[in-house]
Amino acid sequence: MTKNIAILGASGYTGAELIRLISEHPGMKIKALGGNSKAGQRLSQVFPHLRHLDLPDLVKMDQIDFSAIDLCFCALPHKTSQEVISKLPETLKIVDLSADFRLRDPADYETWYGNPHTALKQQKEAVYGLTEFYRNEITTARLVAGTGCNAATGQFALRPLIAQGIIDLDDIILDLKCAVSGAGRALKENLLHAELSEGYHAYAIGGTHRHLGEFDQEFSALAGRAVKVQFTPHLIPANRGILATCYVKGDAQAVHNALEKDYEHEVFLEVLPFGETPSTRHVRGSNFCHIGVSADRIEGRTIVTAALDNLTKGSSGQALQNANLMLGLPETQGLMMAPLFP
Numbered sequence: 001m002t003k004n005i006a007i008l009g010a011s012g013y014t015g016a017e018l019i020r021l022i023s024e025h026p027g028m029k030i031k032a033l034g035g036n037s038k039a040g041q042r043l044s045q046v047f048p049h050l051r052h053l054d055l056p057d058l059v060k061m062d063q064i065d066f067s068a069i070d071l072c073f074c075a076l077p078h079k080t081s082q083e084v085i086s087k088l089p090e091t092l093k094i095v096d097l098s099a100d101f102r103l104r105d106p107a108d109y110e111t112w113y114g115n116p117h118t119a120l121k122q123q124k125e126a127v128y129g130l131t132e133f134y135r136n137e138i139t140t141a142r143l144v145a146g147t148g149c150n151a152a153t154g155q156f157a158l159r160p161l162i163a164q165g166i167i168d169l170d171d172i173i174l175d176l177k178c179a180v181s182g183a184g185r186a187l188k189e190n191l192l193h194a195e196l197s198e199g200y201h202a203y204a205i206g207g208t209h210r211h212l213g214e215f216d217q218e219f220s221a222l223a224g225r226a227v228k229v230q231f232t233p234h235l236i237p238a239n240r241g242i243l244a245t246c247y248v249k250g251d252a253q254a255v256h257n258a259l260e261k262d263y264e265h266e267v268f269l270e271v272l273p274f275g276e277t278p279s280t281r282h283v284r285g286s287n288f289c290h291i292g293v294s295a296d297r298i299e300g301r302t303i304v305t306a307a308l309d310n311l312t313k314g315s316s317g318q319a320l321q322n323a324n325l326m327l328g329l330p331e332t333q334g335l336m337m338a339p340l341f342p
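The sequence shown stops at residue 342 when you use full-length UniProt numbering, and every number in between is there.
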């Protein structure tokens with residue numbers, strides 16, 4: 001039976017990506033599109049590239065009849081999302097794409113996002129949405145918290161290595177390049193073409209990036225002790241994609257073997273042959289993540305690289321993967337499209 005879907009925040013980049021993916025999904029039908037700032041507009045006015053689709057107009061969120069909805073995607077900004085979700089029916093299945101339910105400790109949320117959490121009841125029931133590692137919990141969850149796109153990329157590269165203790169947990173450097181769509185669709189001066197193109201820059205220097213809260217939470221839980229990575233993100237003049245380069249102390253072949261073994265049966269996580277490195281252009285528009293392992297010239301040091309599309313595997317594709325599990329549908333349904341190239 002086809003599942004009825006609502007998307008809140010449908011006028012943003014992740015909302016558009018959800019619409020693109022679900023429009024070809026054989027088990028889902030979009031019944032409502034919420035977008036307060038664009039309410040009353042046709043989807044073709046907001047996203048001309050989707051004009052071929054027969055979909056409802058955007059409406060204010062309070063106009064949606066959620067009794068007819070099987071699952072709701074919330075693609076809203078943090079803080080707004082928790083306010084909206086706390087008012088939705090308690091029986092409604094929800095996949096949240098914001099940061100509001102990723103951190104289990106309310107104090108951590110306040111530390112990284114600067115305001116107290118106001119939906120503590122929902123926060124307690126939320127399941128962290130990194131599908132490949134929380135699959136069983138997601139299958140029975142009502143509320144799933146999608147990960148940060150940077151956090152997902154780094155975790156795919158490092159989780160098995162931390163869990164198995166085959167790298168030095170006190171010497172992990174994560175250098176990450178991310179495309180501009182990760183900053184959202186809102187107008188920002190520093191994201192204007194003239195400000196961003198023909199160069200790239202580091203930001204959130206010295207451990208201030210909010211996704212560090214997810215790294216601290218997840219890596220420390222895996223290791224059974226505090227693990228803090230050194231993390232520097234860089235904004236690049238590209239529309240889509242994340243490339244993470246991780247510098248670790250450990251035997252390169254052992255690192256490759258661990259990743260290959262752990263991801264052997266994961267459809268969307270592809271470990272490349274030893275010595276090969278991934279590129280964002282090889283995963284663009286897809287739900288795949290490519291991971292490479294190379295030995296450094298310094299003995300005992302290894303470089304792990306991971307590439308994914310921040311809007312698909314890093315956000316909306318991950319959200320759909322989780323929704324499939326929550327609705328009892330095949331996990332890969334609607335997500336096996338090949339990457340776009342060139």
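C-beta atoms are modelled at their ideal positions from N, C-alpha and C, and glycine is treated no differently.
In this model, Leu176 and Pro339 are separated by some 21 Å (Cα to Cα). Residue range Leu43 to Val46 is occupied by the alpha helix (DSSP H) that includes Val46.
As summarised for the stretch 85-125, the continuous beta strand (DSSP E) elements at least 3 residues long and confined to that stretch are 93-96, given in chain order. The DSSP-derived three-state label of Arg301 is strand.
Comparing alpha carbon positions, the residue from Leu8, Lys3, Met1 and Thr2 closest to Ser316 is Leu8. Straight across, the Cα-Cα distance linking Gly27 with Thr147 is about 24 Å.
The Cβ atoms of Val271 and His282 lie no closer than 9 Å to each other. Contact fails between the stretch 260-267 and the stretch 207-223, because fewer than three Cβ pairs, one in each stretch, are under 8 Å apart. If you keep only unbroken alpha helix (DSSP H) runs of at least 4 residues inside the stretch 202-284, you get 212-223 and 252-262.
Going by C-alpha positions, Val267 is about 20 Å away from Tyr128. Of Gly34, Ile167, Leu311 and Ala194, the smallest CA-CA separation from Val227 is found for Ile167.
Pairing Asp251 with Gly165, the inter-Cα distance amounts to about 12 Å. Residue pairing by DSSP places His193 in no beta bridge whatsoever. A direct Cα-Cα distance of roughly 11 Å separates Arg301 from Cys246.
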